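Here's the structure, in structure tokens; my notes come after.
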Amino acid sequence: MSAPESVAISNLKALLSQTLRVAINDGRTFIGTFAGTDQLLNILLVNTEEYRGPMMGRYVGQVMIPWKFVVSAEVAGKLAGGLFNGGGMGEEGLYT
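Right, here's the structure in full:
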């Protein structure tokens with residue numbers, strides 16, 4: 027029998043198939059469907075558009091974004107900074 031799932035894992039599973047907007051430290055923003063993470067917490071997005079400026083989007087398909095480059099993340103227009111550090115998702119952070 028497997029161990030019970032942590033709150034963080036449950037919260038992460040709830041984000042699957044949601045549209046995420048992820049900004050990275052070089053100024054690019056990716057908007058795509060959240061497909062999961064790996065053990066290093068890199069974010070996998072599918073059906074993704076990449077934006078370098080406000081109106082310069084291009085379809086890039088599937089992307090893996092290293093967690094160390096993530097500046098901010100939003101889910102359905104709400105800041106996920108709270109989701110990724112514990113705010114709004116109970117006492118436990120999403121990745122703890």
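In this note's numbering, the protein residues as written are 27 to 122. The beta-carbon is built from N, C-alpha and C at its ideal position, and this holds for glycine as well. As the structure is a prediction and not an experimental result, all values here were calculated from the model.
For threonine 59 and threonine 45, the rounded distance between their alpha carbons:
5 Å
For arginine 47, the residue or residues it bridges with in DSSP:
Ile57, Glu100
For the structure I just gave you, are there three or more beta carbon pairs, one from the region 72 to 85 and one from the region 94 to 102, closer than 8 Å?
no
In three-state terms, what does DSSP make of leucine 42?
coil
Alpha carbon to alpha carbon, how far is glutamine 88 from asparagine 73?
6 Å
Quick one: what's got a C-beta closer than 8 Å to leucine 42's C-beta in the same chain, skipping five residues either side?
Phe60, Ala61, Gly62
Name the two residues that bound the continuous beta strand (DSSP E) containing asparagine 73.
69 to 77
Which residues does DSSP pair with methionine 90 in a beta bridge?
Leu70
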